[in-house]
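Residue numbers (this note's numbering): 634 to 1081.
For each residue, glycine too, the CB sits at the ideal point set by N, CA and C.
The structure presented is a predicted model; accordingly, all values stated were derived computationally and were not measured.
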């Protein structure tokens, strides 16, 4: 058997450049499992949100698994980056609550808008416009985006387990939750265990914590129940009802076009900022500070929204939870490929997804968020205006819970700050154009 394993590993190593990027097959598989466990909640959350807008639950479950599985395999096998693709929650929320429930747009028309958004998004990517945007994001704003996303992850995880809650009284919008609830105790103990195991360089420490807490939850938490192991997805009329049901002509109506523009603009900066942040955290940047295989990554990311609209789901994008895998050491497309395969398996193993409660993955997300705060060291404080713009971007990503809003404020502050400081010669035309475009986008009230 050992003689048969060596050639296989050599082929994997050569194809994914595993050794070249300082990783191992085992490390990549662990990273893929970690990312999968950190984002498996999407097969529950996305159908739940779209279900509130009238989307058939079984059909959305199938489409989410297919979008995440196929998208992650595309990112892994073609692009060779450790980034998993799934249905973007921000755009899912917009599709369900703004388009369908808010504007009373029919589900086929909403899917038509998603499909057209994917086509425009892909066109922007393959023509190099998106790569041009990426090149013209100043480095301190790029680092600020990473810091902000790290803070955002901390907030998402803390809110998900009740450590931070919406303030029920007058005052600031958030408040401290309860320190004595089971989910909060498990989360804090899990975070401490994760930090300790990572400090001791225990292989797969993050995965061990997730699995251990899930087992503890199964034993002591009545809400975590074993619901079976194998379940064939419903492929009847309900399960396949959204496949190729998009109404493209209806999505071209004047009333829908502003929403289509909002989807495209949000996806451009949200997804691009996420890809930049994950690549930076994983040290997958070339000597010029550009993402390795960045052009392919942007194209794969955008093309998945076409697929999502066609099979009946919300727009897709790279998940920031991919950073959980890169924190474990994922550096190649094998990580994303493992995620893709596992999500395709979930089509038949859906009961197992309910065995991983939010408080089991929260420590991993909080740990990754803390790691991403290290981007503060990369800010160039010798360039005061640039560093402050990056910090402003970071802070407002978490204060507004919106990546694009933080990027917009970072860009506009950088341009205005350069002018007021007399440093306008440091500006390039690309940065100015992007700042104006973002401000107009928000001033016209098109932003999501």
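Along the region 989-1071, the alpha helix (DSSP H) occurs as fully enclosed runs of 4 or more residues at 991-1005, 1017-1033, 1036-1053, listed in sequence order.
Between residue 1068 and residue 1048, the C-beta spacing is below 7 angstroms. An exposed status is given to residue 643, since fewer than 16 other beta-carbon atoms sit within 10 Å of its beta-carbon. In its chain, beyond the 5 residues on either side, 796, 797, 798 have a beta carbon closer than 8 angstroms to the beta carbon of residue 809. Between residue 878 and residue 945 a beta carbon distance of about 6 angstroms is seen, short of the 8 angstroms cut, so the two are scored as contacting. Within the region 707-785, the complete beta strand (DSSP E) runs of at least 3 residues fall at 718-720. Nearest to residue 996 by C-alpha distance, out of 892, 753, 831, is 831. Under the DSSP assignment, residue 950 falls in the beta strand (DSSP E) whose first and last residues are 949-951. By the Cβ neighbour-count rule, residue 1027 is buried, with 16 or more other Cβ atoms within 10 Å of its own.
Residue nearest to residue 964 within the set 1002, 947, 911 is 911 (criterion: CA-CA distance). Taking 7 angstroms as the cut-off, the Cβ atoms of residue 926 and residue 750 do not count as close.
The three-state reading of DSSP puts residue 853 in helix, counting H, G and I together. Between residue 687 and residue 966, the C-beta spacing is not below 7 angstroms. Under the DSSP definition of a beta bridge, residue 809 partners with 797. With a cutoff of 7 angstroms on beta-carbon distance, residue 983 and residue 858 are scored as not near each other. Residue 924 sits in a strand when the DSSP states are folded into three classes.
In the three-state scheme derived from DSSP, where H, G and I count as helix and E and B as strand, residue 875 is classed as coil.
Of 731, 1033, 977, 722, the smallest CA-CA separation from residue 807 is found for 1033. For residue 967, the enclosing alpha helix (DSSP H) starts and ends at 966-979. In this structure, DSSP gives residue 918 an extended state, which the three-state scheme calls strand. Relative to the Cα of residue 682, the nearest Cα in the group 929, 1031, 721 belongs to 721.
Nearest to residue 906 by C-alpha distance, out of 790, 788, 781, is 781. If the five residues before and after residue 755 are omitted, its C-beta is found closer than 7 angstroms to the C-beta atoms of 932, 935, 936, 939, all from its own chain and listed in chain order.
Contact between residue 668 and residue 717 is confirmed by a C-beta separation of about 5 angstroms, below the 8 angstroms threshold. Note on geometry: alpha-carbon atoms of residue 1018 and residue 1006 lie some 20 angstroms from one another. The beta-carbon separation of residue 680 and residue 700, rounded to 12 angstroms, does not stay under the 8 angstroms limit for a contact. Under the three-state reduction of DSSP output, residue 986 falls in the helix class.
In this structure, the straight-line span from the alpha carbon of residue 848 to that of residue 737 is close to 43 angstroms. Boundaries of the alpha helix (DSSP H) harbouring residue 661: 658-672, taken from the DSSP string. For residue 786, the closest of 1057, 1041, 1035 by C-alpha to C-alpha distance is 1035.
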